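Going from the sequence shown to our numbering is simple: count from 1 and add 1.
Each remark here refers to the structure printed beneath this line.
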Amino acid sequence: MACLNSATQHTDTSGGVTADSSLIPSSPRSVEACFRSGIDPLELMYQPVAYYKRPCEDEEVSQMRYEKHEVVRQERIRTLIEARKELIDNNWQPADSTMPAGANKHDAAAEVQSTMIEKERERMEVSKRRQERELQQMVEHEVKRAELLAKQQKKIDEMEERAAEQRRQKAANEKAWIDKQREIELQKKREEDEIEVGPPRV
Numbered sequence: 002m003a004c005l006n007s008a009t010q011h012t013d014t015s016g017g018v019t020a021d022s023s024l025i026p027s028s029p030r031s032v033e034a035c036f037r038s039g040i041d042p043l044e045l046m047y048q049p050v051a052y053y054k055r056p057c058e059d060e061e062v063s064q065m066r067y068e069k070h071e072v073v074r075q076e077r078i079r080t081l082i083e084a085r086k087e088l089i090d091n092n093w094q095p096a097d098s099t100m101p102a103g104a105n106k107h108d109a110a111a112e113v114q115s116t117m118i119e120k121e122r123e124r125m126e127v128s129k130r131r132q133e134r135e136l137q138q139m140v141e142h143e144v145k146r147a148e149l150l151a152k153q154q155k156k157i158d159e160m161e162e163r164a165a166e167q168r169r170q171k172a173a174n175e176k177a178w179i180d181k182q183r184e185i186e187l188q189k190k191r192e193e194d195e196i197e198v199g200p201p202r203v
């Protein structure tokens, strides 16, 4: 893989030769492929089993951890190769060379990381602004919803107050009618009593 600096090669547990054991993008096209794939160049570097061994840990566990990370590393290498091939197929050319002559693989890794960090910062800024807009829209929606609920509640309260007033007025009218009927009955009874007694004697 000409686009990647390689230090050594290593053999996997099945006896086959894997991709280069220490791979750091160095060419502009490789750097662009790494960025587009979202790959940290340091993740492409090969680490032996001893790197994954922890104190007082069984060798088999260390080997399993190594193999797991190695599978992921090889997958990233394949992804990077495919991304670079796509750039070649699309005749991608760097707008400006980001790798000065004589730059080593660590300089390339630092350049890629710097670019990825800047892009991630821009992405997070865009995401932050979008979240702020969404939050503002949610706040405005809640304010409008609260205003609508307040208007509806006010209307309900007014209707209930009118209904209560109508009930009080009806009760007052009924009481007044009953009182008037009672007064009429009393007056009628007094008149009947006077007729039975007769006019006063002279």
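Every residue gets a Cβ at the ideal spot worked out from N, C-alpha and C, and that includes glycine.
Quick caveat: nothing in here was measured; it's all calculated off a predicted structure.
Subject >> Candidates Phe36, Tyr53, Ile179 and Ala147, of which the one nearest Glu119 by Cα >> reply: Phe36
Original post:
Going by the beta-carbon positions, is the gap between Ile78 and Leu43 smaller than 9 Å?
Top reply: no
Original post:
If Ile40 and Leu81 are in contact, beta carbons under 8 Å, what's the gap, nearest whole angstrom?
Top reply: 6 Å
Original post:
Cβ atoms of Arg66 and Tyr53: under 9 Å apart, would you say?
Top reply: yes
**OP:** Could you check the C-alpha separation between Lys69 and Ala51 for me, to the nearest Å?
**Re:** 14 Å
Subject >> Member of Gln48, Glu135 and Gln154 whose CA lies at the smallest distance from the CA of Val72 >> reply: Gln48
**OP:** Would you kindly work out how many angstroms separate the C-alpha atoms of Leu128 and Gln138, rounded to a whole number?
**Re:** The residue asked about is misnamed: residue 128 is Ser in this sequence, not Leu. Each residue's Cα considered, the two are about 15 Å apart.
**OP:** Count the other CB atoms, across all protein chains shown, that sit within 10 Å of the CB of Glu33; report buried if there are 16 or more and exposed otherwise.
**Re:** buried
Original post:
Hey, which unbroken runs of the beta strand (DSSP E) at 3 residues or more fall wholly within the region 19 to 84?
Top reply: 24 to 26
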